[in-house]
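Visitor: For the sequence shown, this note's numbering gives the first residue as 53, with consecutive numbering after it.
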Amino acid sequence: MILQELQCPGPLMDYSPHLLVALLFQIFVSTEQMSEEIDTFWRGCQEQHDLPTNPNRFAVLTMKTLLCCLHCEDVVKSVEKNRGWARLLNARSRRYAAALLAREMRRVCSPLCSRITLHLLELLRREEPCWDLPAMAFLVEVLDCLDTRKCGDRMLEILARNLGSTNKKWRQLALRVLMALSQDPTMAKNIWSLNERLVQLLGDADRDVVWMTLSVLDNVLWSSVWKQLQKRVHSEDPLISTRIGLQLAEALRPLFDHDDRSVREGSMVIFTHVMQLIERAGKRRLNPHVCLSLLPLYLHRYDENLVVKKASQKALLAVTRFLKRRDLERLVNTEEPWRFAECLLKGDRSQVTKYVRQALPYLRSPQQPLREAAIKFMGIAGGYLRGQYRELQFIIDALQAMRDDRSPAVANLALENINFVTAVQRAPAPRSRFQQLQDQLRRAWNSRPSLWGCVCLCCCS
């Protein structure tokens, strides 16, 4: 009734942000549930004042009237055009409708959005279960109205709660907010306080959650890398501690083989940042994780996606430098990638068996270039396992399964490498240095028996 007056009172205009939020809150509460007592009260109001059947419909009508009083008729029309008002009344679509309303209000009346956003933060801190999701959806669209210097801590407190939610939609909305906030370098250190929750989300089953988590980490860590590059020295207060660095490395490595190409690329980029930023005391403890990344990064140089291929090459270069393997570093950018594999196996002969087992899953890769690269790698590895019958048979059995591959090129490549490894398996085992010395002495004895005394002296020495 007040809003229908020709001139709305000043206090009503001053408190319009609170009223708008209260009306939204009323819509969502009424949509979610309504007690019998309130239902009875509303039926009485309806009969007396000829009001709409449902209280949430009346709240929508009141909100539209209030927006018109605030000279936001364009917002009302645009939301109506996209059926936003009807969707506000549906529990399944209200999150989308809240985001639509926020975008339109942001476009038309930015100062009002700023005041609404601050009030929303207070409501979100009360942990109203029926309000969190649409409120977060509204907040995501008007983040640039926030002064993070004044309310950044409150925002992160709310986000920390939502990141740990079992509801996938809440996690996604919280990450969308963090993605926007992380683009502000001044917020990087504050966001990093959520690092343990972010590391846990890297193992989430939802692709979008993992991708957004990687985006947040990329923004936060890159700002720190950039600062170090500007100073040209390592920071005395490193962003990544040894414990978090190890957790990150362990969580990132499986993502190199993720089905989504954006996740594969992002994980490689952040893995590079971790090596650059981890505190010096943690470098030695990180070595085993970095060594385990050598083969996956090498194989992804054959990735079908060009962006992932470049990311793996860049990460592989950083890994070889981290490990101080100059022999491998020189071969990262060569036009003959297989030379890198030969150098890796030749330099780590005691680890050849481990590398073979690490390459095994890539034989089942959906990407043909990766399957071919894995077959070639196992063939090369077979050349360094001469005399180890069981390990060579393991390679032959693994490659035999590839003869039924849907690609004739892959099947033929598998057959070629089976023949090579079989030939290595049949070849006589290499003799030890002591055995070679014995043979030399035996030949010397047969040719010159008078040298027996010299032979004895040699054996004693």
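Built from N, CA and C at the ideal position, the CB exists for glycine as well.
#1: Ignore the nearest five residues each way along the sequence and tell me which others in Asn247's own chain have a CB closer than 7 Å to its CB.
#2: If I measure Cβ to Cβ from Pro237 and keep anything under 7 Å in the same chain, skipping five residues before and after, which residues do I get?
#3: Which partner residues does Ile330 have in the DSSP bridge list?
#4: Could I get the ranges of all uninterrupted alpha helix (DSSP H) runs contained in the stretch 181-220, with 4 residues as the minimum, in chain order?
#5: Sort Leu191, Leu152 and Phe392 by Cα distance to His171 and report the nearest one.
#6: Could you tell me the distance, in whole angstroms, from the CA atom of Met327 to the CA atom of Cys124?
#7: Does the pairing of the stretch 390-400 with the stretch 431-440 give three or more beta-carbon distances under 8 Å?
#8: Compute the Euclidean distance between the alpha carbons of Phe472 and Gln419, then round it to the nearest angstrom.
#9: Quick one: what's got a C-beta closer than 7 Å to Asp379's C-beta in the same chain, skipping five residues either side?
#10: Which residues mark the beginning and the end of the alpha helix (DSSP H) in which Arg109 is found?
#11: DSSP state of Cys97, grouped into three classes?
#12: Can you find the residues in the same chain that come closer than 7 Å, C-beta to C-beta, to Ala479, ignoring five residues on each side of it along the sequence?
#13: Rounding to the nearest angstrom, what Cα-Cα distance links Gly255 and Val262 in this structure?
#14: Ignore the nearest five residues each way along the sequence and tell me which others in Ala466's own chain have a CB closer than 6 Å to its CB.
#15: Would you check if the distance between the CB atom of Val315 and the CB atom of Arg259 is smaller than 8 Å?
#16: Starting from Thr405, trace the alpha helix (DSSP H) both ways and give me its first and last residue.
#17: CB-CB under 6 Å to Ala463, same chain, minus the five flanking residues each way: which ones, in chain order?
#18: Out of Ile447, Trp94, Lys362 and Met157, which one is the CA nearest neighbour of Arg313?
#19: Alpha carbon to alpha carbon, what distance is there between Ser267 and Cys97?
#20: Helix, strand or coil for Gln235 per DSSP?
#21: Pick helix, strand or coil for Val476, following the three-state DSSP scheme.
#22: Classify Tyr519: buried if its beta carbon has 16 or more other beta carbons within 10 angstroms, exposed otherwise.
Guide: Put simply:
#1: Numbered from 1 along the sequence shown, position 195 holds the residue referred to as residue 247. Excluding residues within five positions, the ones whose Cβ falls inside 7 Å are Ile296.
#2: Counting from one through the sequence shown, the residue named residue 237 turns up at place 185. So the list reads Ser275, once near-sequence residues are dropped.
#3: Sequence index remark: in the sequence shown, residue 330 carries index 278 (1-based). The partner list for Ile330 (beta bridge, DSSP) reads Ile292.
#4: 184-193 and 200-215
#5: By one-based count along the sequence shown, residue 171 stands at place 119. Answer by Cα proximity: Leu191.
#6: Looking up residue 327 in the sequence shown gives position 275. Looking up residue 124 in the sequence shown gives position 72. C-alpha separation (whole angstroms): 52 Å.
#7: yes
#8: Stepping through the sequence shown from its first residue, residue 472 is reached at position 420. Stepping through the sequence shown from its first residue, residue 419 is reached at position 367. Going by the C-alpha atoms only, they are around 24 Å apart.
#9: Your numbering for residue 379 matches position 327 in the sequence shown. Counting only Cβ-Cβ distances below 7 Å, and skipping sequence neighbours, we find Cys395 and Gly399.
#10: Locating residue 109 in the sequence shown gives position 57, counting from the first residue. Where Arg109 is concerned, the enclosing alpha helix (DSSP H) stretches over Pro107 to Cys121.
#11: Working through the sequence shown from its first residue, we reach residue 97 at position 45. Correct three-state label for Cys97: helix.
#12: For the purposes of this step, residue 479 is taken as the residue at position 427 of the sequence shown. Closer than 7 Å at Cβ, skipping near neighbours: Arg438.
#13: Taking the sequence shown and counting its residues from 1, one reaches residue 255 at position 203. Taking the sequence shown and counting its residues from 1, one reaches residue 262 at position 210. When rounded, the distance between both Cα atoms is 7 Å.
#14: One-based indexing of the sequence shown puts residue 466 at position 414. These residues qualify, in order along the chain: Ile427, Leu451, Met454 and Arg455.
#15: Locating residue 315 in the sequence shown gives position 263, where the first residue counts as 1. Locating residue 259 in the sequence shown gives position 207, where the first residue counts as 1. In contact: Val315 and Arg259 (Cβ atoms closer than 8 Å).
#16: For the purposes of this step, residue 405 is taken as the residue at position 353 of the sequence shown. Unbroken alpha helix (DSSP H) run through Thr405: Val404 to Ala411.
#17: As a working mapping, residue 463 is identified with position 411 in the sequence shown. Within the same chain, Ala463 has close Cβ partners Arg455 and Asp457.
#18: Residue mapping note: residue 313 aligns to position 261 of the sequence shown, counting from 1. Considering only alpha carbons, the answer is Lys362.
#19: Indexing the sequence shown from 1 puts residue 97 at position 45. Indexing the sequence shown from 1 puts residue 267 at position 215. Distance between the alpha carbons of Cys97 and Ser267: 51 Å.
#20: What you label residue 235 is simply residue 183 of the sequence shown in a count that begins at 1. Coil.
#21: Counted from its first residue, the sequence shown places residue 476 at position 424. Collapsing the DSSP output to three states places Val476 in a helix.
#22: Here the chain comprises residues numbered 53 to 513, so residue 519 is not present and cannot be evaluated.
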